[in-house]
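Residue numbers (this note's numbering): 3 to 229. Inspection log for the structure reproduced underneath, given as structure tokens.
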Amino acid sequence: MNNSCLKGTHHVFVQTVVYLLLVLAMLVTVLGNSVVIISIAHFRQLQTPTNILVMSLALADLLLGLVVMPFSMIRSVDGCWYYGDAFCLLHSTFDLFLTSVSIFHLIFIAIDRHQAVCYPLQYPTRITIPVAWVMTVLYLILVSAMTVTILGNLVVIISIAHFKQLQTPTNILVMSLALADLLLGLVVMPFSMIRSVDGCWYYGDAFCLLHSTFDFLTSLYNTLDNS
């Protein structure tokens, strides 16, 4: 264990109760999502476009319950991270990636329901099972790119800001570029991703103008920083 880690001084009974509650939540997450995945995969009559998206969402949440939640639980209760810096970065990457995937699945399910309610006659031809799978794969690829953009630039910013020997004039420019790319990944890429995959803009004209302006400014800043 890292000597600089100050382990929480909770009462043993309190720690035990918190652990039991979090383990229960983790079991519900894993078992509940497993039931959803097995049910939809096994029964062909359940394999509608909407349920394919639900199954994909359940898979992301299942991985969250298996890969992310156990280590987050220990860190939350004990107040310490016992597994080293490399695994900490990997764990944070999976946490951000799977959480983002879950959020974007919910967005796409909402879009699917919007199409079904507002365009009931065109819905069967617009949203099919192949379309649902293609959308899911595209979202996974784009969320992966967004996660790499955010975490990669965060590592650059934190490294240069933390280590004084790295704070050369060139690296200060690199850190400035990384900050611009980080903002691009946080503010621009999520909405651009939805617009690219769905072919629609759902957020109104005012936010479209704001988004396009921010996209232009960050891209211009990147170009100037690179030159």
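All residues carry an ideal CB built from backbone N, CA and C; glycine is no exception.
Excluding five sequence positions before and after leucine 140, the CB atoms of its chain that fall closer than 7 angstroms to its own CB belong to Val199, given in chain order. CA-to-CA, the gap between glutamine 117 and tyrosine 125 works out to about 6 angstroms.
At the C-beta level, histidine 93 and valine 69 come within 9 angstroms of one another. Taking the Cα positions, threonine 52 is about 13 angstroms away from isoleucine 39. Boundaries of the alpha helix (DSSP H) harbouring cysteine 90: 86-120, taken from the DSSP string. Taking 4 residues as the shortest admissible run, the segment 33-69 contains the following complete alpha helix (DSSP H) segments, listed from N- to C-terminal end: 51-65. Contact annotation, methionine 148 with methionine 195: C-beta distance approximately 7 angstroms; criterion of less than 8 angstroms satisfied.
When secondary structure is reduced to three states using DSSP, phenylalanine 165 falls in the coil class, being assigned neither helix nor strand. Annotation for tyrosine 125: the continuous alpha helix (DSSP H) segment containing it runs 125-128.
Counting along the chain, threonine 172 sits inside the alpha helix (DSSP H) bounded by residues 171-185. Here the alpha carbon of leucine 185 sits roughly 35 angstroms from the alpha carbon of valine 119.
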